[in-house]
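Asker: Below you'll find the structure I mean.
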Amino acid sequence: MPELPEVEVIRRELKEKIEESRILFVRVEDSQFYLPSDMILGKKINKLERKGKNLFLVLEDESSIFFHLGMTGRLLFSSREEPFPYLKVLLGLSSGFLSLTDQRKLGKVALLTREETEELLRQVGIDPLSPEYTEENFEKVLSGRKMRVKDFLLSQRYISGIGNIYASEILFRSSIHPEKRTNDLTPEEKKKLFITIPQVLKEAIAHQGTTIRNYVRSGGEQGEFQNSLLVYGKEGERCPCCGEKIVRKKIASRSTYFCPRCQMG
Numbered sequence: 032m033p034e035l036p037e038v039e040v041i042r043r044e045l046k047e048k049i050e051e052s053r054i055l056f057v058r059v060e061d062s063q064f065y066l067p068s069d070m071i072l073g074k075k076i077n078k079l080e081r082k083g084k085n086l087f088l089v090l091e092d093e094s095s096i097f098f099h100l101g102m103t104g105r106l107l108f109s110s111r112e113e114p115f116p117y118l119k120v121l122l123g124l125s126s127g128f129l130s131l132t133d134q135r136k137l138g139k140v141a142l143l144t145r146e147e148t149e150e151l152l153r154q155v156g157i158d159p160l161s162p163e164y165t166e167e168n169f170e171k172v173l174s175g176r177k178m179r180v181k182d183f184l185l186s187q188r189y190i191s192g193i194g195n196i197y198a199s200e201i202l203f204r205s206s207i208h209p210e211k212r213t214n215d216l217t218p219e220e221k222k223k224l225f226i227t228i229p230q231v232l233k234e235a236i237a238h239q240g241t242t243i244r245n246y247v248r249s250g251g252e253q254g255e256f257q258n259s260l261l262v263y264g265k266e267g268e269r270c271p272c273c274g275e276k277i278v279r280k281k282i283a284s285r286s287t288y289f290c291p292r293c294q295m296g
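For the sequence shown, this note's numbering assigns the number 32 to the initial residue and increments by one for each residue that follows.
Set out below in structure tokens:
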């Protein structure tokens with residue numbers, strides 16, 4: 032699943048290619064996906080915004096085309112119309128073509144009013160790369176929770192944008208066991224977690240995201256952060272810090288990777 036870094040890479044790339052473009056036509060190839068073409072034809076894309084894993088093409092009338100890429104969604108920009116596999120929605124723009132493809136059809140696209148966009152944003156937790164991400168706000172969403180820290184990171188209600196890959200990496204670098212309860216975290220662990228979350232996400236963005244199965248950038252290129260992962264997908268390999276074998280464990284039906292020695296706390 033594309034997580035915050037992957038969606039941010041796509042946002043930055045598309046910003047250069049489609050901002051200020053006008054929508055010339057809309058073609059929907061799958062009835063599960065819907066965009067009312069009569070309400071967006073001729074509209075200019077003023078800006079691209081992101082919160083967590085959610086991407087918004089903000090139009091000149093302040094409505095937004097909302098995208099969530101689900102597990103296998105891709106947003107691909109091309110200078111000419113391409114026969115991409117699993118094409119669901121095609122936007123013909125004055126600057127080129129924007130294609131939404133989705134093999135498993137778990138992604139979302141919708142036209143939202145400004146009020147609907149604001150309501151959706153209120154339901155999403157703090158974005159770790161936003162000014163809202165402060166130590167005070169982090170403590171607020173953490174306090175009173177009695178849940179596994181891995182579940183806390185994956186829940187989009189508190190902190191948004193973190194998925195399975197980055198949760199494992201963040202907890203390893205924070206030396207925190209994924210099953211430790213949030214109410215048992217020490218002040219030092221909370222501080223370390225607060226600092227490590229944006230560090231890992233920014234590093235992944237600098238490497239153009241993580242390609243393990245489906246993610247590609249807007250031009251079809253793979254990300255590179257998979258080459259820098261320390262624990263995710265490395266079951267049985269040696270921990271880069273202590274030499275202990277990396278363990279994989281199912282937590283909330285998701286594979287979690289960690290070092291049983293480094294992450295005892």
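Idealized CB from N, CA, C, for every residue including glycine.
For the segment 92-168, list the beta strand (DSSP E) runs that are entirely contained and at least 3 residues long, ordered along the chain.
Answerer: For the segment 92-168, whole beta strand (DSSP E) runs of length 3 or above, ordered along the chain, are 95-99, 104-109, 118-124, 127-133 and 139-143.
Asker: Buried or exposed: where does Ser94 fall if 16 or more other Cβ atoms within 10 Å of its Cβ makes it buried?
Answerer: Its Cβ being crowded by 16 or more others within 10 Å, Ser94 is buried.
Asker: Taking the alpha helix (DSSP H) that Thr287 falls in, what are its first and last residues?
Answerer: Here Thr287 belongs to no alpha helix (DSSP H); instead the beta strand (DSSP E) covers Arg285 to Phe289.
Asker: Starting from the C-beta of Lys139, find all residues in its chain whose C-beta is less than 6 Å away, skip the five residues before and the five after it, and write them out in chain order.
Answerer: Around Lys139: His99.
Asker: State the start and end residues of the unbroken alpha helix (DSSP H) segment that holds Arg42.
Answerer: Here the alpha helix (DSSP H) through Arg42 covers Leu35 to Ile49.
Asker: Taking the Cβ atom as the reference point for each residue, do Gly267 and Lys276 lie within a distance shorter than 7 Å?
Answerer: Yes; because the gap between Cβ atoms is below 7 Å, this pair is in contact.
Asker: Which residues bound the beta strand (DSSP E) around Arg58?
Answerer: Taken as a continuous stretch (DSSP letters only), the beta strand (DSSP E) holding Arg58 covers Ile54 to Val59.
Asker: Can the beta-carbon of Glu39 be found closer than 7 Å to that of Arg105?
Answerer: No, the pair does not count as a contact, with Cβ atoms beyond the cut-off.
Asker: What does Arg2 pair with, by DSSP beta-bridge criteria?
Answerer: Since the displayed the chain opens at 32 and closes at 296, residue 2 lies outside it and no answer follows.
Asker: Using CA coordinates, which residue listed in Glu47, Ile193, Val180 and Ser199 is at the minimum distance from Leu129?
Answerer: The shortest Cα separation from Leu129 among Glu47, Ile193, Val180 and Ser199 belongs to Glu47.
Asker: Could you give the distance in angstroms between the alpha-carbon of Gly251 and the alpha-carbon of Gln239?
Answerer: If I take the Cα positions, the gap works out to 12 Å.
Asker: What residue range is occupied by the uninterrupted beta strand (DSSP E) comprising Arg279?
Answerer: Val278 to Ile282 is the extent of the beta strand (DSSP E) around Arg279.
Asker: From the DSSP output, in three-state form, read off Arg204 for me.
Answerer: Three-state DSSP puts Arg204 in a helix.
Asker: Between which two residues does the alpha helix (DSSP H) containing Glu275 stretch?
Answerer: From DSSP, Glu275 is part of no alpha helix (DSSP H); its letter is neither H nor E.
Asker: Tell me whether the beta-carbon of Thr103 lies closer than 7 Å to the beta-carbon of Arg145.
Answerer: Cβ distance not < 7 Å, so Thr103 and Arg145 don't count as in contact.
Asker: Taking C-alpha atoms, which residue in Leu137, Ile49 and Phe64 lies nearest to Pro33?
Answerer: If we check each option's Cα against that of Pro33, Leu137 comes out closest.
Asker: Across the segment 203-210 and the segment 271-291, are there enough close Cβ pairs to call them in contact, namely three or more that are closer than 8 Å?
Answerer: Taking 8 Å as the limit for Cβ pairs, the verdict is that the segment 271-291 does touch the segment 203-210.
Asker: Counting pairs of beta carbons, one from the segment 219-229 and one from the segment 162-175, are three or more of them closer than 8 Å?
Answerer: Counting Cβ pairs under 8 Å, three or more are found: they touch.
Asker: Does the Cβ of Pro67 have 16 or more other Cβ atoms within 10 Å, making it buried, or fewer, making it exposed?
Answerer: When all chains shown are included, Pro67 counts as exposed.
Asker: Short check: CB of Ile302 to CB of Ile228, under 7 Å?
Answerer: This structure cannot settle anything about residue 302, because the visible part of the chain is limited to 32 through 296.
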